[in-house]
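Structure, as structure tokens:
In the working numbering, the protein residues as written are 394 to 711.
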């Protein structure tokens, strides 16, 4: 197929716009349009570029969005500034992939995501978050890169399994089809029970857990068979919203919106860290590598320590 410079340039412009200028729906449609009819290699190249921006997003100035559609997916592009609006995407899903394509490589120059600080490539040894709160220390044996370090968002991306990640997210608020869900408790046990009761999710292995001196719950999540529906910004045939959060008191403001996408699977830890909750996601982008990823993440989780800040304010729902 002949190259179409106009479309290519359009996507590049969308991906490099400031968060205030960029629209999640516009970005998704541009990527889908550009990749329609391309062979698999071509589709992977462009959707890898576009969907990865949809996964983990942060904010600038007055707004930030994390969309790891985790692949825990952070949906809505990074820093789009759009708030959950409760709308569903009713456009045909058949042109979208069943699962998110894996990136073929990760940046190895230590560069950060736009408008974010980061630790870059992590050598074997001890490390500490610079911006994420509570300050978190951990040890790795190498094989990970940090590209986002924000007040409520910290990622560890596997260089051995590109596309898989270990995510730390602060103070999750339940989200369904783009709308914040009321009536759910804000502690770890209540949030875990809400996930386990959602018929759109397959939740297994729920059990008590303790990491770094914090106690809470652990469970595995996947999208249940037969589930349909695509909240706006979903880049696969089916997505299920999980959580959102923001803290407008910080500068730059951070915000995330996280979902499961397609065949993605994740192990979720919800830990009580007064006055809020810390969520840890061990996320397999296509669901096939979760056991391997959990084994790689286990020593990191065992080494984690959290400097819980007593008396800190709890972020409000976006």
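Don't be surprised by glycine CBs; every beta carbon is placed ideally from N, CA and C.
| Check | Outcome |
| --- | --- |
| Going along the chain, which unbroken runs of the beta strand (DSSP E) with 3 or more residues stay wholly within the region 650–711? | 658–666, 669–677 and 698–700 |
| List the endpoints of the continuous alpha helix (DSSP H) containing residue 584. | 581–590 |
| Under DSSP, the beta strand (DSSP E) around residue 528 begins and ends at which residues? | 528–533 |
| Under 8 Å, do residue 493 and residue 571 count as touching if we go by C-beta distance? | no |
| Pick from 592, 698 and 556: whose alpha carbon is nearest that of residue 686? | 556 |
| Quick one: residues in its chain with C-beta nearer than 8 Å to the C-beta of residue 612, no 5 flanking neighbours on either side, listed in chain order? | 585, 588, 589, 596, 597, 598, 599, 600, 660 and 661 |
| Whole angstroms are fine: how far does the CA of residue 579 sit from the CA of residue 519? | 31 Å |
| Tell me whether the beta-carbon of residue 671 lies closer than 8 Å to the beta-carbon of residue 559. | no |
| Between the beta-carbon of residue 638 and the beta-carbon of residue 566, is there less than 8 Å? | yes |
| Using three-state DSSP, classify residue 637 as helix, strand or coil. | strand |
| Leaving out five residues before and five after residue 675 in sequence, what residues of the same chain have Cβ atoms less than 7 Å from its Cβ? | 559, 659, 660, 686, 687 and 690 |
| Can you give me the C-alpha to C-alpha distance between residue 692 and residue 645, rounded to a whole angstrom? | 32 Å |
| Under 8 Å, do residue 537 and residue 522 count as touching if we go by C-beta distance? | no |
| Compare the beta carbon distance of residue 542 and residue 607 with 8 Å and say whether it is the shorter of the two. | no |
| Checking 8 Å against the spacing of the C-beta atoms, do residue 533 and residue 517 come in under that value? | yes |
| Using CA atoms only, rank isn't needed, just tell me which of 591, 699, 634 and 498 is closest to residue 554. | 498 |
| Could you check which residue in 694, 653 and 669 has the C-alpha nearest to that of residue 680? | 653 |
| Looking at the strands, I want to know which residues DSSP matches up with residue 519. | 532 |
| Identify whether residue 498 lies in helix, strand or coil by the three-state DSSP scheme. | coil |
| Among 591, 531 and 669, which residue has its Cα nearest to the Cα of residue 633? | 591 |
| Determine the extent of the beta strand (DSSP E) in which residue 574 is found, giving its start and end residues. | Careful: residue 574 lies outside any beta strand (DSSP E) and carries neither H nor E. |
| Considering Cα atoms alone, identify which of 677, 503, 695 and 513 is closest to residue 495. | 677 |
| Which residues in the same chain as residue 547 place their Cβ atom closer than 6 Å to its Cβ, once the five residues preceding and following it in sequence are excluded? | 522, 525 and 561 |
| In or out: residue 640 buried (at least 16 other Cβ within 10 Å) or exposed? | buried |
| What does DSSP give as the partner residue(s) for residue 648 in the beta ladder? | 639 |
| Kindly indicate which residue of 651, 503, 605 and 648 has the alpha-carbon position closest to the one of residue 528. | 605 |
| Between the Cα of residue 636 and the Cα atoms of 574, 682 and 619, which residue gives the shortest distance? | 574 |
| By Cβ distance below 7 Å, which residues in the same chain neighbour residue 503 in space, the five residues on each side in sequence not counted? | 513 and 514 |
| Under the three-state reduction of DSSP, which class applies to residue 611: helix, strand or coil? | strand |
| Residues in its own chain within less than 7 Å of residue 511 by CB, not counting five upstream and five downstream? | 505, 539, 540, 541 and 542 |
| Taking just the CA atoms, how far does residue 569 sit from residue 627? | 13 Å |
| Go ahead and pull the three-state DSSP assignment for residue 554. | coil |
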